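**Student:**
Residue numbers (this note's numbering): 5 to 151.
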């Protein structure tokens, strides 16, 4: 499982011109799932993302986590995180098929909610327009193969 986590002042996702999910301060999470991923990895990813300390404290140091600042998450499925870029036209066979990916995508969001966070989201497989006001910018990459 891979995640690109960006600290945002606000973010939203639109589908067919309508807002599907919208947050204020928090994390925009682009989440990709591999065929061999498990629910245990979704839980571990939720722990890492929800515990990430990248918000500034009173001394300007990145020391506060999402809970401390009252932040939310906007989670968007992103199979392209598993692109094979050996050629100019990427292949996506490294991404999980929907029957595997959807339950893990939803499981990740449920795990974040279980930790007390508001979670907004896109729609798996939809053509989405994602908007964000990045804060910093601060962007962190996670890969369960390296945790």
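Every residue, glycine too, gets a C-beta built ideally from N, C-alpha and C. Since the structure is predicted, the reported quantities are computational estimates derived from the model, not experimental observations.
1. Taking the continuous alpha helix (DSSP H) assigned at residue 53, which residues delimit it?
2. Please report the straight-line C-alpha distance between residue 20 and residue 128, rounded to a whole angstrom.
3. What do you get for residue 112, buried or exposed, if any count of 16 or more other CB atoms within 10 angstroms of its CB means buried?
4. Examine the Cβ distances between the segment 132-139 and the segment 109-123 and report whether three or more of them are shorter than 8 Å.
5. Grab the span of the alpha helix (DSSP H) containing residue 100 for me, first residue to last.
6. Assign residue 103 to buried or exposed, taking buried as 16 or more other Cβ atoms, counted over all protein chains shown, within 10 Å of its Cβ.
7. Does the distance from the CB of residue 115 to the CB of residue 46 come in under 8 Å?
8. According to DSSP, is residue 7 part of a helix, a strand, or is it coil?
9. Mind checking who residue 125 pairs with in its DSSP beta bridge?
10. Which of the three DSSP states is assigned to residue 148 in this structure?
11. Put residue 39 into one of helix, strand or coil per three-state DSSP.
12. Going by Cα to Cα distance, which pick from 150, 30 and 146 is closest to residue 76?
13. What's the C-alpha gap between residue 156 and residue 80?
14. So the beta strand (DSSP E) residue 68 belongs to, where does it begin and stop?
15. Is it true that the CB of residue 35 sits closer than 8 Å to the CB of residue 109?
**Tutor:** Reading off the structure:
1. Boundaries of the alpha helix (DSSP H) around residue 53: 43-55.
2. Straight-line spacing of the CA atoms in residue 20 and residue 128 works out to 14 Å.
3. With 16 or more other CB atoms across the displayed protein chains lying within 10 angstroms of its CB, residue 112 is buried.
4. Judged by Cβ distances under 8 Å, the segment 132-139 makes no contact with the segment 109-123, as fewer than three pairs qualify.
5. If you look at residue 100, you'll find it isn't in any alpha helix (DSSP H); DSSP assigns it neither H nor E.
6. Flag for residue 103 reads exposed.
7. It is a contact, given that the beta carbons lie within the stated cut-off.
8. Note: residue 7 maps to strand in three-state DSSP.
9. Beta-bridge pairing links residue 125 to 79.
10. Note: residue 148 maps to helix in three-state DSSP.
11. Here DSSP, grouped into helix, strand and coil, assigns residue 39 to coil.
12. Comparing alpha-carbon positions, the option among 150, 30 and 146 lying closest to residue 76 turns out to be 30.
13. The requested residue 156 does not occur in the structure, where the chain is confined to residues 5 to 151.
14. Segment 66-68, the beta strand (DSSP E) holding residue 68.
15. Yes, the pair counts as a contact, with Cβ atoms nearer than the cut-off.
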